[in-house]
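**Student:** Protein chains in written order, with the working numbering: chain R, 1 to 339; chain A, 340 to 678. Beta carbons: idealized from backbone N, C-alpha and C, even for Gly. Could you have a look at this structure, given as structure tokens, before my questions?
Number of protein chains: 2
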Amino acid sequence: MRLIIVGFGVVGQSLARILLSRASDLYTLYGINPKIVACLDSKGSAVSPAGLDLHRLLEAKISKGTVAAYDKSHLQSSLTGIMENIEAEILIEMTPTNLDDAEPGLTNIISGMRAGKHIITVNKGPLALAFPSLVELADYNNIRFRFSGTVGGGTPILEFAKRCLNGERIVSFNGILNGTTNYILTKMEEGLSFHDALNDAKIKGYAEAMPLLDLEGYDAASKLVIMANWIMGLKVTIRDVKREGITGIDLVDVQKASIKKTSIKLVAFCDNIHLEVKPTMIQKIDPICVNGTLNAVTFRSEYSGDKTIIGRGAGGMETASSIIRDLIEIRESIAKNNL
Amino acid sequence: MRLIIVGFGVVGQSLARILLSRASDLYTLYGINPKIVACLDSKGSAVSPAGLDLHRLLEAKISKGTVAAYDKSHLQSSLTGIMENIEAEILIEMTPTNLDDAEPGLTNIISGMRAGKHIITVNKGPLALAFPSLVELADYNNIRFRFSGTVGGGTPILEFAKRCLNGERIVSFNGILNGTTNYILTKMEEGLSFHDALNDAKIKGYAEAMPLLDLEGYDAASKLVIMANWIMGLKVTIRDVKREGITGIDLVDVQKASIKKTSIKLVAFCDNIHLEVKPTMIQKIDPICVNGTLNAVTFRSEYSGDKTIIGRGAGGMETASSIIRDLIEIRESIAKNNL
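Structure representation (structure tokens):
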């Protein structure tokens, strides 16, 4: 399995570390032997048809700030140029989420699909803005398209709904899909003002570069769109989500809720008609009423009631582990097809 | 798909109802067309090579107390006799759990395996007492052996660990695996004495015929054994579990725990060495700290942290829905093998 990876931030570096530490294990247990043959970041690229030395790649990124410092060769550094010159089966897209036009992720994914690469992405932007057409393009090009890490980080929320609820019809689901806002609301329940809670989240590294994506509910809405398409079979984009963030919530609201044994949470909800993200009072004994940066989703099924899944929604190592799951699944799905 | 079903209590009758209401759906979506060709209960049997009329079967059971009232024919009513005379692919074992010698379930399952039938069971007894040898016998006879409903009822705890955590090593897990004791402990937190809480559970139908299996932790221990074998790859039986029930817990213990923002729960725990069921104080904010009859399990994985799954652990319809999942999985696994 030869991989081209685009984007080498926290998740990409965690992926390189997992590949370094688990190479033999992944081969023995799952029959995969992933090699990174090209790595691009915003400043350049490193390429080696036989597989990059991942220690040196990490060293280049950490000491010089770009993978271009990997060696002195002046190779093509556009993704399309690299795909023309280097053989690879899988493209892993890890550039930052952009909900305005989804770039550069969207173009990277489309180019990869057209070049016949299987795609794994952890970037929510392209899916939030163009899920239905990307799935169609993947089918048309007969390639596998996986995105486990876009929802729930390392917590397999998408797989759970798709693979474990076989034979069931999911009627609706609701959940907490954004760890940053949940951390802030948890801190407000402990008595902090909105601004102090936000500052605390920034200090702890829980608030992203552009916290408005979190605070205004765009991040949760993106994940809701991915789930609605993938799990419920809807054909929707982020424009179909009714959305309200948490910037209007103050300490008094939170304390009032607490007296009624409820908590205010930023809840994402979907049935076959509505897609909504908004601050909602939920019972403290409701399984999705989780604290801190946890994510939680309850699926309501037709025959076997409610099922909840809870886990950390972010983290470099966690999200990188979702890429490993996707690699294994692509491997298995190809093997099945070749029988 | 021709099914022989053994045991026609709450779960069996729920299964018949699901098959009645979802026949076309199951065929369209999953390509399965299950027909019950024989049904046995403790008083007799009903047999029809073309498939029993499920309305009449339910009517016979409800009005006369046994499926033997289905028709006047005097057919062979031992399971082995029926298996010799009727063609069927799958045996579904639903007799009550017995943790002394696992009978009659154990003999039913072994006979079915020897006769080359795929087996689905919701009976914990045979698995708690003989998991390693049953799996070996299934392999030896080249048949599929599924038991989703034995842990978590309709909540896919086993599938979650096996299918959704692909590529991960599960280091340990702990959880609440018995709804009856959890209901009693929840009621005690609300101020009821142990005996009042137990009576309340009996009135609500949450306490089984022999509540000691629940109260003394045998039920949770059985499920722990199934999970330890299936998920962790251990080869253990219920004799390997260190077990303590909740009969020694009084209201004072529960109230003391509550002051410390914890709850006493009957927690089952497993790592690669220890198997333990015992009353344990856990933080109220721990995701497995669920109330009422809910079940909850947290899996600790090596790379992507803790993941929790929560759902109803019992109920006829819920457990019957797990049988449908198993049927679909057997169908898919056979189809894959025949490619």
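(1) By alpha-carbon positions, which one of 626/A, 392/A, 633/A, 601/A ends up nearest to residue 620/A?
(2) Straight-line CA distance for residue 467/A to residue 572/A?
(3) On the CB-based measure, 16 or more other CB atoms within 10 Å of its CB, does residue 388/A come out buried or exposed?
(4) Thinking C-alpha only, which one of 566/A, 513/A, 587/A, 528/A is nearest residue 551/A?
(5) List the DSSP bridge partners of residue 93/R.
(6) Give a yes or no on whether the C-beta atoms belonging to residue 650/A and residue 307/R are separated by under 7 Å.
(7) Along the stretch 503–519 of chain A, what residues have a CB closer than 8 Å to any CB found in chain R?
(8) With a threshold of 7 Å on Cβ separation, who are the neighbours of residue 452/A within its own chain once the five nearest residues in sequence on each side are excluded?
(9) Thinking C-alpha only, which one of 583/A, 343/A, 566/A, 487/A is nearest residue 520/A?
(10) Compare the C-beta of residue 205/R with all C-beta atoms of chain A and state if any pair is closer than 7 Å.
(11) Grab me the residues of residue 498/A's own chain with a C-beta within less than 8 Å of its C-beta, minus the 5 sequence neighbours each way, in chain order.
(12) DSSP on residue 307/R, reduced to helix/strand/coil?
(13) May I ask which residues mark the beginning and end of the beta strand (DSSP E) holding residue 46/R?
(14) Taking only the alpha-carbon atoms, compute the straight-line gap between residue 464/A and residue 378/A and give it to the nearest angstrom.
(15) Give the straight-line distance between the Cα atoms of residue 538/A and residue 514/A, rounded to the nearest whole angstrom.
(16) Assign residue 623/A to one of three DSSP states: helix, strand, or coil.
(17) What's the C-alpha gap between residue 493/A and residue 196/R?
(18) Assuming contact is defined by CB atoms lying nearer than 7 Å, are residue 557/A and residue 522/A in contact in what I supplied?
(19) Which residues, taken in chain order from the stretch 110–135 of chain R, show a beta carbon closer than 8 Å to some beta carbon of chain A?
(20) Within 7 Å of any Cβ in chain R, is that where the Cβ of residue 341/A sits?
(21) Closer than 9 Å by beta-carbon distance: list the chain A residues that pair up with residue 293/R, in chain order.
(22) Is the beta carbon of residue 14/R closer than 7 Å to that of residue 320/R?
(23) Buried or exposed: residue 20/R, going by 16 or more other Cβ atoms within 10 Å of its Cβ?
(24) Distance check for residue 416/A and residue 469/A, CA to CA, integer angstroms please.
(25) Answer with yes or no whether the minimum CB distance from residue 24/R to chain A is below 7 Å.
(26) Taking a cut of 7 Å between CB atoms, which residues from the stretch 19–52 of chain R lie near chain A?
(27) Have a look at 290/R, 293/R, 169/R and flag the residue whose alpha-carbon is nearest the alpha-carbon of residue 299/R.
(28) Give the residues from the stretch 54–82 of chain R that approach chain A closer than 7 Å (Cβ to any Cβ), ordered along the chain.
(29) When the Cα of residue 512/A is compared with those of 524/A, 562/A, 533/A, 553/A, which residue comes out closest?
(30) Tell me which residues of the stretch 528–539 of chain A have at least one Cβ-Cβ distance to chain R shorter than 8 Å, keeping chain order.
(31) Kindly indicate if chain R contains any beta-carbon less than 7 Å away from that of residue 667/A.
(32) Is the stretch 667–676 of chain A in contact with the stretch 343–357 of chain A, if contact means three or more CB pairs nearer than 8 Å?
(33) Output needed for residue 80/R: all residues of its chain with C-beta closer than 7 Å, excluding positions within five of it in sequence on either side, in chain order.
(34) In whole angstroms, what separates the C-alpha of residue 383/A from that of residue 304/R?
(35) List, in order along the chain, the chain R residues whose C-beta lies closer than 9 Å to that of residue 486/A?
(36) How is residue 296/R classed by DSSP in three states: helix, strand or coil?
**Tutor:** This is what the structure gives:
(1) The sequence position of residue 620/A within the second sequence is 281, counting from 1. From the listed residues 626/A, 392/A, 633/A, 601/A, the smallest Cα separation to residue 620/A is found for 601/A.
(2) Numbered from 1 along the second sequence, position 128 holds the residue referred to as residue 467/A. Numbered from 1 along the second sequence, position 233 holds the residue referred to as residue 572/A. In this structure, the straight-line span from the alpha carbon of residue 467/A to that of residue 572/A is close to 14 Å.
(3) What you label residue 388/A is simply residue 49 of the second sequence in a count that begins at 1. Classification for residue 388/A: exposed.
(4) Taking the first residue of the second sequence as position 1, residue 551/A is located at position 212. Closest in C-alpha terms to residue 551/A, from the list 566/A, 513/A, 587/A, 528/A, comes 587/A.
(5) The residue you call residue 93/R lines up with position 93 of the first sequence. 6/R, 121/R, per the DSSP bridge assignment.
(6) If you number the second sequence from 1, residue 650/A lands on position 311. If you number the first sequence from 1, residue 307/R lands on position 307. Cβ atoms of residue 650/A and residue 307/R: closer than 7 Å.
(7) Shown in chain order are the members of the stretch 503–519 of chain A whose Cβ falls below 8 Å from a Cβ of chain R: 503, 504, 505, 506, 507.
(8) Taking the second sequence and counting its residues from 1, the one referred to as residue 452/A is at position 113. Exclusion of the five residues before and after residue 452/A leaves 458, 476, 477, 480, 482 as the residues of its chain whose Cβ lies within less than 7 Å of its Cβ.
(9) Locating residue 520/A in the second sequence gives position 181, where the first residue counts as 1. The shortest C-alpha separation from residue 520/A is found at 583/A.
(10) Your numbering for residue 205/R matches position 205 in the first sequence. The beta carbon of residue 205/R sits no closer than 7 Å to any beta carbon of chain A.
(11) Residue numbering aside, residue 498/A sits at position 159 when the second sequence is read from its first letter. Apart from the 5 residues on each side of it in sequence, residue 498/A sits with its Cβ closer than 8 Å to the Cβ of 487, 664 in its chain, given in chain order.
(12) Looking up residue 307/R in the first sequence gives position 307. In the structure shown, residue 307/R sits in a strand (DSSP, three-state: E or B).
(13) Here residue 46/R corresponds to residue number 46 of the first sequence, with the count starting at 1. From DSSP, the beta strand (DSSP E) with residue 46/R extends over 44–47.
(14) Taking the first residue of the second sequence as 1, we reach residue 464/A at position 125. Taking the first residue of the second sequence as 1, we reach residue 378/A at position 39. Cα-Cα distance, rounded: 20 Å.
(15) As a working note, residue 538/A is residue 199 in the second sequence. As a working note, residue 514/A is residue 175 in the second sequence. Their Cα atoms are separated by approximately 25 Å.
(16) Translated into positions along the second sequence, residue 623/A becomes position 284. Coil.
(17) Indexing the second sequence from 1 puts residue 493/A at position 154. Indexing the first sequence from 1 puts residue 196/R at position 196. Rounded to whole angstroms, residue 493/A to residue 196/R spans 43 Å at the Cα level.
(18) In the second sequence, the residue the question calls residue 557/A occupies position 218. In the second sequence, the residue the question calls residue 522/A occupies position 183. No, the Cβ-Cβ distance between residue 557/A and residue 522/A is not below 7 Å.
(19) So the list is empty, because no residue satisfies the distance condition.
(20) Within the second sequence, the letter at position 2 stands for residue 341/A. For residue 341/A, the answer is no, since every Cβ of chain R falls outside 7 Å of its Cβ.
(21) Taking the first sequence and counting its residues from 1, one reaches residue 293/R at position 293. Going along chain A, no residue has its Cβ under 9 Å from residue 293/R, so there is no contact; the nearest lies around 11 Å.
(22) By one-based count along the first sequence, residue 320/R stands at place 320. By one-based count along the first sequence, residue 14/R stands at place 14. It is a contact, given that the beta carbons lie within the stated cut-off.
(23) As a first step, residue 20/R is located in the first sequence; it is residue number 20 there, counting from the start. Burial call: exposed.
(24) Start at 1 with the first residue of the second sequence, and residue 469/A comes out as number 130. Start at 1 with the first residue of the second sequence, and residue 416/A comes out as number 77. Taking the straight line joining both Cα atoms gives about 26 Å.
(25) For the purposes of this step, residue 24/R is taken as the residue at position 24 of the first sequence. Answer no: the Cβ-Cβ gap between residue 24/R and chain A never drops below 7 Å.
(26) Listed by position along the chain: 30.
(27) Taking the first sequence and counting its residues from 1, one reaches residue 299/R at position 299. Ranking the options by Cα distance to residue 299/R, first place goes to 169/R.
(28) Per Cβ criterion, the list is empty.
(29) On the second sequence, position 173 is the one that residue 512/A refers to. If we check each option's Cα against that of residue 512/A, 562/A comes out closest.
(30) Flagged: no residues at all.
(31) The residue given as residue 667/A occupies position 328 in the second sequence. At a cut-off of 7 Å, the C-beta of residue 667/A has a neighbouring C-beta in chain R.
(32) Under the Cβ criterion (8 Å, minimum of three pairs), the stretch 667–676 of chain A does not count as touching the stretch 343–357 of chain A.
(33) Taking the first residue of the first sequence as 1, we reach residue 80/R at position 80. If we look at residue 80/R and ignore the five residues flanking it on each side, its Cβ neighbours are 111.
(34) Taking the second sequence and counting its residues from 1, the one referred to as residue 383/A is at position 44. Taking the first sequence and counting its residues from 1, the one referred to as residue 304/R is at position 304. In a straight line, the C-alpha of residue 383/A is about 30 Å away from that of residue 304/R.
(35) Against the second sequence, residue 486/A aligns to sequence position 147. Neighbours of residue 486/A on chain R: none; closest Cβ ~15 Å, over 9 Å.
(36) Numbered from its first residue, the first sequence carries residue 296/R at position 296. In the three-state reduction of the DSSP assignment, residue 296/R falls in the strand class.
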